[in-house]
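Chemist: In the working numbering, the protein residues as written are 163 to 320. We put the beta carbon where it would ideally sit given N, CA and C, even for glycine. Here the structure is a predicted model, which means the values were calculated and not measured. One structure, as structure tokens, below. Some questions next.
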């Protein structure tokens, strides 16, 4: 069950509202999600925090799908001059996805920028001493007529 579905169920009746606020339901949704999520769920994370992560991931996924749809319709690649904030100190990887999203990452940081909105939409910083390992994350889904998306996904060493 997706995060937005939980919210719709919550608005149906009081019994479903109480059920969707249970941590067990959010934990199951987290574990079964196909969205881009940080490692977890952790015992210290509350149900509302898990729901927040799930909603953010689903919004990101929707944004990604919309960009993929625009790409298939022949959207032009953006051409602009724009200075990135200096938050990523150890740049090692830069990728542009769907002519819209710029991934900038290094040993310990990753940032994603929306080039159309000209703003940062995702930031990740590892704990001290921890390093990111960049791995190609392959995701296959049916997206109407065509169907596969590839993007780089950082995994932290533990």
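1) Residue 166: buried (16+ other C-beta within 10 angstroms of its C-beta) or exposed?
2) Going by other Cβ atoms of all chains shown within 10 Å of its Cβ, with 16 needed for buried, is residue 257 buried or exposed?
3) Run through DSSP, which three-state label would residue 290 get?
4) Rounded to the nearest angstrom, what separates residue 192 and residue 218 at their Cα positions?
5) What span of residues does the beta strand (DSSP E) with residue 259 cover, start to end?
6) Going by DSSP, which residues form a beta bridge with residue 272?
7) Quick one: using the 10 Å Cβ neighbour count with 16 as the cut-off for buried, is residue 188 buried or exposed?
8) Here's the rule I'm using: 16 or more other beta-carbon atoms within 10 Å means buried, otherwise exposed. How should residue 272 be labelled?
9) Ends of the alpha helix (DSSP H) at residue 167?
10) Whole angstroms are fine: how far does the CA of residue 175 sit from the CA of residue 292?
11) Near residue 164, which residues of its chain fall below 7 Å by C-beta distance, leaving aside the five closest residues on each side in sequence?
12) With DSSP as the reference, identify every bridge partner of residue 281, one or two as the case may be.
13) For the putative contact between residue 213 and residue 168, defined by C-beta atoms under 8 Å, what is the C-beta separation to the nearest angstrom?
14) So, for residue 182: in the same chain, excluding its five sequence neighbours on each side, which residues have a beta-carbon less than 7 Å away from its beta-carbon?
15) With 16 other CB atoms within 10 Å as the buried threshold, where does residue 281 fall?
Modeler: So, from the data block:
1) Position 4 of the chain shown, counted from the start, is the residue given in the question as residue 166. Its Cβ having fewer than 16 others within 10 Å, residue 166 is exposed.
2) Position 95 of the chain shown, counted from the first residue, corresponds to residue 257. By the 10 Å Cβ count, residue 257 comes out exposed.
3) Here residue 290 corresponds to residue number 128 of the chain shown, with the count starting at 1. Secondary structure at residue 290: coil, using DSSP grouped into helix, strand and coil.
4) Locating residue 192 in the chain shown gives position 30, counting from the first residue. Locating residue 218 in the chain shown gives position 56, counting from the first residue. C-alpha separation (whole angstroms): 12 Å.
5) Position 97 of the chain shown, counted from the start, is the residue given in the question as residue 259. Start and end: 255-259.
6) Indexing the chain shown from 1 puts residue 272 at position 110. Bridge partners of residue 272: 267, 286.
7) Position 26 of the chain shown, counted from the first residue, corresponds to residue 188. Buried is the call here.
8) Start at 1 with the first residue of the chain shown, and residue 272 comes out as number 110. Around the beta carbon of residue 272, 16 or more other beta carbons sit within 10 angstroms, so the residue counts as buried.
9) Position 5 of the chain shown, counted from the first residue, corresponds to residue 167. Per DSSP, residue 167 belongs to the alpha helix (DSSP H) from 165-172.
10) Along the chain shown, read from residue 1 onward, the residue named residue 292 stands at position 130. Along the chain shown, read from residue 1 onward, the residue named residue 175 stands at position 13. Each residue's alpha carbon lies about 45 Å from the other.
11) For the purposes of this step, residue 164 is taken as the residue at position 2 of the chain shown. Correct list, in chain order: 220.
12) One-based indexing of the chain shown puts residue 281 at position 119. Per DSSP, the beta-bridge partners of residue 281 are 276.
13) Taking the first residue of the chain shown as 1, we reach residue 213 at position 51. Taking the first residue of the chain shown as 1, we reach residue 168 at position 6. Confirmed, about 7 Å.
14) What you label residue 182 is simply residue 20 of the chain shown in a count that begins at 1. 168, 171, 172.
15) Taking the first residue of the chain shown as position 1, residue 281 is located at position 119. Under this definition residue 281 is an exposed residue.
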